[in-house]
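Here the structure comes first, spelled out in structure tokens, and everything after it is commentary.
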Ligand code: C2E
Ligand code: MG
Ligand code: MG
Ligand code: MG
């Protein structure tokens, strides 16, 4: 009896693995064709200065318009793109498109682009960024690159070298999802960073949790002392935005301010937000 159960369990597990593997393979095959078929699109979410309420940047968020599945979330396809190396050409497209879009905005608004650790490892990141800026005639100071902790966990010398070269172009570096993972304070000392993005999990706990508020305040003060800008991600309520302002956080981003929108809708968004301010 127990033997049969064991085999049955194994078979169910095995089938599940197969299904997941097949799903991944299907995504992979579709992903290979997606660039050619122009199925990718950038959505943009504004980042506002809390004190002035002005839009300071738009973060580019990648969307995949799949012909059968509809809009596929980056959480689903970015891991597959990273494992297959497809994130390198996809990431190049993102950089180029984001710079082209930003070139049409008013000059004080920056564009923020997310980078994968795989783009760092492939050795051609600086060239990709240089080309994207040149192709759009965009000055480096209009581009902000968002990196995650996993990039800082790679070879320290090499990473610091790449970040320094990017900064020579005028590009600013932000650390995304700060406060999750290890978030060692040594990062802030060992790497050239301009901006800290406080992870949305802290922001969403602000109303109920005194410790979340204390952490936001501490990061804000640390940022100020280190001459870094502090951005709060995932702001969903007016109350959260007020608390963030009180904690001297510099910038905010989240559904309360605006959801990510296709590039064609940004003019409308700028009008709506200036009406609110
Ligand atoms: P992220 O860079 O931390 O981006 C913030 C995510 O939070 C976005 O999810 C955004 O839509 C979502 N968000 C914004 N405001 C709120 C809010 O108020 N509440 C909640 N619950 N969520 C909010 P999205 O667009 O699904 O992207 C997920 C992640 O995928 C991004 O996290 C980023 O790590 C990655 N990603 C997106 N685009 C790219 C890309 O072009 N390249 C790379 N390598 N990664 C990307
Ligand atoms: Mg980001
Ligand atoms: Mg984030
Ligand atoms: Mg995130």
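In the UniProt record's numbering, the protein residues as written are 332 to 608.
Glycine residues also receive a C-beta, built at the ideal position from the N, C-alpha and C atoms.
* Asked: What residues come near ligand 3, if near means a beta carbon less than 7 Å from any of its heavy atoms?
  -> 507, 508, 528, 530, 531, 564
* **Secondary structure of residue 512, DSSP reduced to three states** => Here residue 512 is taken as the residue at index 181 of the chain shown, counted from 1. Of the three classes helix, strand and coil, the one that applies to residue 512 here is coil, per DSSP.
* Who are the Cβ neighbours of residue 604 in its own chain at under 6 Å, not counting the five residues just before and after it? -> Locating residue 604 in the chain shown gives position 273, where the first residue counts as 1. Contacts found: none.
* Asked: Between the C-alpha atoms of residue 392 and residue 349, what's the straight-line distance to the nearest angstrom?
  -> Within the chain shown, the letter at position 61 stands for residue 392. Within the chain shown, the letter at position 18 stands for residue 349. If you take the alpha carbons of residue 392 and residue 349, they lie about 31 Å apart.
* Would a C-beta distance cut-off of 7 Å place residue 422 and residue 450 closer than the cut-off? -> Sequence index remark: in the chain shown, residue 422 carries index 91 (1-based). Sequence index remark: in the chain shown, residue 450 carries index 119 (1-based). Against a cut-off of 7 Å, the Cβ pair of residue 450 and residue 422 comes out as a contact.
* Asked: Is residue 445 near ligand 2, judged by its Cβ being under 6 Å from some heavy atom?
  -> Stepping through the chain shown from its first residue, residue 445 is reached at position 114. Yes, ligand 2 has a heavy atom inside 6 Å of this Cβ.
* Cβ neighbours of residue 424 in the same chain (closer than 7 Å, five flanking residues each side left out) -> Within the chain shown, the letter at position 93 stands for residue 424. Cβ neighbours of residue 424 beyond the five flanking positions: 366, 371.
* May I ask you to report which of helix, strand or coil DSSP gives residue 407? => For the purposes of this step, residue 407 is taken as residue 76 along the chain shown, with counting starting at 1. Three-state result, residue 407: helix.
* Asked: Comparing the CB of residue 477 with every heavy atom of ligand 2, is any distance shorter than 6 Å?
  -> In the chain shown, counting from the first residue as 1, residue 477 sits at position 146. Flag set: Cβ of residue 477 near ligand 2.
* How would you call residue 473, buried or exposed, if buried means at least 16 neighbouring beta carbons within 10 angstroms? -> Reading the chain shown from its first residue, position 142 is the one you call residue 473. Buried, because 16 or more other Cβ atoms sit within 10 Å of the Cβ of residue 473.
* With distances taken Cα to Cα, identify the nearest neighbour of residue 508 among 500, 483, 523. => One-based indexing of the chain shown puts residue 508 at position 177. Ranking the options by Cα distance to residue 508, first place goes to 483.
* To do: With a cut-off of 8 Å on the beta carbons, I'd call residue 460 and residue 499 a contact; round off their distance for me.
  => As a first step, residue 460 is located in the chain shown; it is residue number 129 there, counting from the start. As a first step, residue 499 is located in the chain shown; it is residue number 168 there, counting from the start. About 11 Å; that fails the 8 Å criterion.
* To do: Give every residue of the same chain whose Cβ lies closer than 8 Å to the Cβ of residue 402, excluding the five residues on either side of it in the sequence, and list them in chain order.
  => For the purposes of this step, residue 402 is identified with residue 71 of the chain shown, where counting begins at 1. Answer for residue 402: 394, 395, 396, listed in chain order.
* Beta-carbon proximity of residue 448 to residue 481, cut-off 7 Å -> Here the question's residue 448 lines up with position 117 in the chain shown. Here the question's residue 481 lines up with position 150 in the chain shown. Closer than 7 Å, so yes.
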